[in-house]
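Here's the structure, in structure tokens; my notes come after.
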Amino acid sequence: MTSISDWNEKHLVENRLIQQLKEMGYEHIHGPSLDMERESTRAVILQDRLINAIKRLNPWINDTNLNKIVRSITYIEASSPMEANEGFHNILVNYTSIQQDMGKGKKNQTVKIIDFDNPLNNEFLIVDQFSISDASGTIRPDLIVYVNGIPLVVIECKSPMVAVDEQIGKAVKQLRRYQNQCEHLFHYNQFMIATSNDRAKVGTIGAQLKHFGEWKDPYPLTSTEVGDNPTPQDILVAGMLSKANLLDLIQNFIVFEPENGRMIKKLARYQQFRAVNKAVNRLMTAKSPRERGGVVWHTQGSGKSLTMLYLAVKLRRIEALRNPSIVIVTDRSDLDDQITNTFHRCGFANPQQASSVAQLKELLKQGPGSTVMTLVQKFQTSSEEEQFPELSDAENIIVMVDESHRSQYKGLAMNMRTALPNACYLGFTGTPIDKEDKSTTRTFGPYIDKYTIEQAVDDGATVPIFYEARLTQLHVEGETLDQLFDRKFREYDEKTRERIMKKYATEEVVVASPKRIQQIVLDIIKHYETHIMPNGFKAQIVAVSREAAVMYKEKLDELSDLESAVVFSGGNDDKENLKKHHISKDEEKAIIARFKKPLPEDKLAFIIVCDKLLTGFDAPIEQVMYLDKPLKEHNLLQAIARTNRTYEKKDYGLIVDYFGVSRFLEKALAIFSKQDIQGALMPVESELPRLQTRHRAAMKFFDYIRKDDVESCIQLLEPEDVRQQFDLAFKRFASSMDMIMPNPKAQPYIADLQFLGKIRQLAKSRYRDEAMDISDCGEKVKQLIAEHMRASAVEILHDPIDILSSKFEKKVDELNGGEAKASEMEHAIRHEIRVKIQENPVYYTSLKEKLEKLIEARKQHQMDIVELVEQLRGMINNMRDNATKSQIHGLTREQYPFYQMLEKKLPVEDDKEALKELTHIITEIIVEQAVVEWTSKEDVKREMRQKIKRQLRVTKCPKDQIEELTQKLMALAEVHYKK
1029 MTSISDWNEK HLVENRLIQQ LKEMGYEHIH GPSLDMERES TRAVILQDRL
1079 INAIKRLNPW INDTNLNKIV RSITYIEASS PMEANEGFHN ILVNYTSIQQ
1129 DMGKGKKNQT VKIIDFDNPL NNEFLIVDQF SISDASGTIR PDLIVYVNGI
1179 PLVVIECKSP MVAVDEQIGK AVKQLRRYQN QCEHLFHYNQ FMIATSNDRA
1229 KVGTIGAQLK HFGEWKDPYP LTSTEVGDNP TPQDILVAGM LSKANLLDLI
1279 QNFIVFEPEN GRMIKKLARY QQFRAVNKAV NRLMTAKSPR ERGGVVWHTQ
1329 GSGKSLTMLY LAVKLRRIEA LRNPSIVIVT DRSDLDDQIT NTFHRCGFAN
1379 PQQASSVAQL KELLKQGPGS TVMTLVQKFQ TSSEEEQFPE LSDAENIIVM
1429 VDESHRSQYK GLAMNMRTAL PNACYLGFTG TPIDKEDKST TRTFGPYIDK
1479 YTIEQAVDDG ATVPIFYEAR LTQLHVEGET LDQLFDRKFR EYDEKTRERI
1529 MKKYATEEVV VASPKRIQQI VLDIIKHYET HIMPNGFKAQ IVAVSREAAV
1579 MYKEKLDELS DLESAVVFSG GNDDKENLKK HHISKDEEKA IIARFKKPLP
1629 EDKLAFIIVC DKLLTGFDAP IEQVMYLDKP LKEHNLLQAI ARTNRTYEKK
1679 DYGLIVDYFG VSRFLEKALA IFSKQDIQGA LMPVESELPR LQTRHRAAMK
1729 FFDYIRKDDV ESCIQLLEPE DVRQQFDLAF KRFASSMDMI MPNPKAQPYI
1779 ADLQFLGKIR QLAKSRYRDE AMDISDCGEK VKQLIAEHMR ASAVEILHDP
1829 IDILSSKFEK KVDELNGGEA KASEMEHAIR HEIRVKIQEN PVYYTSLKEK
1879 LEKLIEARKQ HQMDIVELVE QLRGMINNMR DNATKSQIHG LTREQYPFYQ
1929 MLEKKLPVED DKEALKELTH IITEIIVEQA VVEWTSKEDV KREMRQKIKR
1979 QLRVTKCPKD QIEELTQKLM ALAEVHYKK
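Now the structure itself:
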């Protein structure tokens, strides 16, 4: 019988998506009807359709070469799924070549598998319920997008009736299971979609849930063009799966980048796709060369370097641009290195970094097809030159300028224009253009695309940034120098004060006074150890000067055991106290690499700076910036963004202000239009109303139950959907509490957090619910709940007791009342079935059916609670007995599930001795063939399958069941005889 959830998934999600794709020109085919086109149910390529497409796109190809090309696609040799995926993507987008004589001797000929230039010249299918089987079992993805017989997109649908927090999570979990069970399907996969219609996200091979992202813009369509009130699924499908967009994404917006020793497949986010295509459209349709440029503002942390890379990839493919030269300009050597490294790592062909003014001039004269990375400072004139020389008058030069609003570009922009007078200039910035800045738009042109701070936070591309003013009596901003001196030097007489003021009359001296810095350092230590360190995050201190930075370092060393490093640019004339902290470029790189590592792995907790590492420095583990420097406008926005990168369990970034910048925030950011900086920086207090709302949402589950009636609270959470809703409410409340604690404003909610945490842990233990794990809470919340558990003498922080151990019996006997006993036993049995069903599917499936009958009988009042408890005890005893039954039959524990499988599937074989003999023969075949890591070796599995089939053919096994039974026996082999 089809469940309501399955019906909702099929009709509200899957059918809607199919219908939309049909309207977009796709052909819909029901999976089972394609079985006749496949050699076996293991095959994922529709070979005849692939052959027809290759012939259509390459009419010159002969049969020998056709077979070679098809074989290179259907049999990909690689040491890992990611390697196979990258190899296939390369063949797909860069084409492959093969030698063939076209009448003038053998020459390499390019073979197209997909026609990217003419999307309509390809066959697009949307296929539902397509089964793929191998030794691990059968998978049946909800939908697969085929182009020219190749499965390029896998789509998993979930009912919108599933708990909101679980919809995408469950779909991604299923997609990850498919990748483990059926690797060869994902050799060809370009991306995967998880959808419930109300929510829809996209990710690539190997991606975890947190790396799946929404697609919020159907560009080049508008949302209204997609339909009336389109759902997130409608928008994603229109934006990613229209024939042109799908091929564009595959060809130009996928890169493979090595990170921390492993390869990551990266797919553009919607704003990157939109910005690149808008830039290309402006470039190609502008009425004059001057109108081709413009500015892309994508807020910091949203992948600006990759946007520039995707644009470079796409520009190179446009024939009309005749292999353009691409020039990437930055104003800082660390940014220059960062972007050059991104291009290198992602396999972009031959990016050349200019090391001097002379080399830059040579590189810019190279002509078409070059990629030049340079600092803007290299566009300076030499002492012999009156003006910078013209280096190329070509129109197919595209100059991309990073952080294009910055003042150092203003004078040098003219030199760039002189050197490359007909080039197209595109500005990229991580902060908005200010209201008064006419020169940036005059230099580059109007905005091409915007992706604001608020949008990035809303998409989860960055975390929100909060600020907190501390030690306000030490703040400097907003006071006159006279007021400061009167306050700081009040113990001196008036004459002495005047003398000091004349000699040291600078704000910097006041800010960097040792006494003030010592007070701040003591506060930093306390704040870091109570707010930041428990969750494993790191910190940055921003000082007013190099001297102050060194003083912060020395005071931190003196007053704590926290490890820190100071990073600044050294000078030859520096005093000894500064020289002590001079470091080389390599040492600086080593410090940054250490800082980026998790705290348990590397104890370097603080980086102290004055000017360095405030822009272009990317360390997601940094959660807090202790700010003691007057920053404003672009510099302020850029500095605070060091804390906005996403990281495991990081919900927000924090700016702790000791200078007083936050008191004058409106003034500091006044040059920007309000909508551009909406949500840039919010006071910590703004979280309190949300905390109150979230507290109420979590507590309302227990409004009509006494809080000391723990058993009733646990039973209220028995239905899975209620448990999921409660868990979501608890996590949100805990997240807000983790942010506010240990601030006294969190105090009124602590008792309720402890109560909810206790009930959640007890429910997790009772219902064996892995999702309800306290480990996903912040460390401060975890410690609070753990202490409350100890104080309440509740011992549930360990794993649930094994149902087969004697301790379980004792635990059940200690529970009060039949309902509690029955509930504990029922959920323990369910957990045992869920965990062990793969070990022995026959036995545990029958057990599951028996349990469902008992529970249904109790619901229908066909048995009382005492009888149910006895029946459940009987089931547990039966499970204990089953563990020893194998010995009675003269079989090992590993062999017994094979015996039970054969007994069930070969009912005509009533000779038990013959069944035992067959069990021994089949397990011997498996043991003989099972080499180390055999489960990942296709040739070993093939040989094993063939031998098992041969054995089954000489038994009474019906011919039409041999294939299915072999697969089930192979699945058991992978569980019991894995090496």
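Numbering (the numbering used here), first residue to last: 1029 to 2007.
All residues carry an ideal CB built from backbone N, CA and C; glycine is no exception.
Along the chain, where does the beta strand (DSSP E) containing residue i start, and where does it finish?
{"i": "H1058", "result": "E1055 to H1058"}
{"i": "Q1752", "result": "It is not in any beta strand (DSSP E) - Q1752 instead sits in the alpha helix (DSSP H) that spans E1748 to I1768."}
{"i": "V1283", "result": "I1282 to E1287"}
{"i": "N1136", "result": "K1134 to V1139"}
{"i": "F1219", "result": "F1219 to T1223"}
{"i": "L1943", "result": "Careful: L1943 lies outside any beta strand (DSSP E), inside the alpha helix (DSSP H) at K1940 to Q1957."}
{"i": "C1741", "result": "Looking at the DSSP string, C1741 is not in any beta strand (DSSP E); the run it does join, the alpha helix (DSSP H), is V1738 to L1744."}
{"i": "I1178", "result": "I1178 to C1185"}
{"i": "Y1453", "result": "C1452 to T1457"}
{"i": "L1171", "result": "L1171 to V1175"}
{"i": "K1229", "result": "A1228 to G1231"}
Taking 8 angstroms as the CB-CB limit, is residue i close to chain C?
{"i": "R1044", "result": "This model lacks chain C altogether; it includes just one protein chain."}
So, is residue i buried or exposed, given that buried needs 16 or more other C-beta atoms within 10 angstroms?
{"i": "P1179", "result": "buried"}
{"i": "R1978", "result": "exposed"}
{"i": "V1404", "result": "buried"}
{"i": "L1040", "result": "buried"}
{"i": "M1312", "result": "exposed"}
{"i": "Q1048", "result": "buried"}
{"i": "K1244", "result": "buried"}
{"i": "S1681", "result": "Looking at the sequence shown, residue 1681 is not Ser but Gly. Answer is buried; the Cβ neighbour count reaches 16."}
{"i": "G1322", "result": "buried"}
{"i": "S1353", "result": "buried"}
{"i": "H1326", "result": "buried"}
{"i": "A1533", "result": "Caution is warranted here: a pLDDT of 44 is assigned to A1533, below 50, making its placement in the model unreliable, and no coordinate value can be reported."}
{"i": "S1125", "result": "exposed"}
{"i": "M1929", "result": "buried"}
{"i": "V1982", "result": "exposed"}
{"i": "Y1654", "result": "buried"}
Among the residues of its own chain, which have a CB less than 7 angstroms from the CB of residue i, if the five just before and after it don't count?
{"i": "K1389", "result": "L1419"}
{"i": "I1893", "result": "G1846, E1847 and A1850"}
{"i": "N1273", "result": "G1267"}
{"i": "D1421", "result": "P1449 and N1450"}
{"i": "P1492", "result": "V1485, Y1680, G1707 and M1710"}
Over the uninterrupted alpha helix (DSSP H) stretch that includes residue i, give me the two end residues.
{"i": "D1988", "result": "D1988 -> no alpha helix (DSSP H), and no H or E assigned at all."}
{"i": "V1202", "result": "Here residue 1202 is Gln; the residue named in the question, Val, does not match the sequence. Looking at the DSSP string, the run of the alpha helix (DSSP H) that includes Q1202 is Q1195 to Q1209."}
{"i": "P1109", "result": "P1109 to N1122"}
{"i": "K1478", "result": "Where K1478 is concerned, there is no enclosing alpha helix (DSSP H), although the beta strand (DSSP E) it sits in stretches over Y1475 to Y1479."}
{"i": "Q1381", "result": "Element bounds for Q1381: not the alpha helix (DSSP H) but the beta strand (DSSP E), P1379 to Q1381."}
{"i": "A1081", "result": "Q1075 to L1085"}
{"i": "I1292", "result": "Here I1292 belongs to no alpha helix (DSSP H); instead the beta strand (DSSP E) covers R1290 to L1295."}
{"i": "Y1686", "result": "First-last for Y1686: undefined, no H or E at that position."}
{"i": "G1165", "result": "Not the alpha helix (DSSP H): G1165 falls in the beta strand (DSSP E), residues G1165 to I1167."}
{"i": "A1725", "result": "L1716 to M1727"}
{"i": "D1091", "result": "D1091 to T1102"}
Grab me the residues of residue i's own chain with a C-beta within less than 6 angstroms of its C-beta, minus the 5 sequence neighbours each way, in chain order.
{"i": "Y1795", "result": "H1855"}
{"i": "L1896", "result": "A1850 and R1886"}
{"i": "I1172", "result": "V1155, F1158, P1179 and V1182"}
{"i": "Y1872", "result": "I1861, K1864 and I1865"}
{"i": "S1330", "result": "Y1479, A1484 and A1489"}
Looking only at its chain, what residues have a beta carbon closer than 8 angstroms to the beta carbon of residue i, apart from the 5 residues adjacent to it on each side?
{"i": "A1191", "result": "D1749, Q1752, Q1753 and L1756"}
Looking only at DSSP bridge pairs, what is residue i linked to?
{"i": "H1326", "result": "Y1479"}
{"i": "E1650", "result": "K1566"}
{"i": "S1125", "result": "T1138"}
{"i": "L984", "result": "Not covered by the structure: residue 984. The range shown for the chain is 1029 to 2007."}
Is any heavy atom of the ligand ZN found at a distance shorter than 7 angstroms from the C-beta of residue i?
{"i": "T1232", "result": "No copy of the ligand ZN occurs in the structure displayed, which carries no ligand at all."}
Which runs of the alpha helix (DSSP H) fall wholly inside the stretch 1859-1905 and span at least 4 residues, in chain order? 1869-1887
Whole alpha helix (DSSP H) runs in the stretch 1367-1431 with 4 or more residues, listed along the chain? 1385-1392
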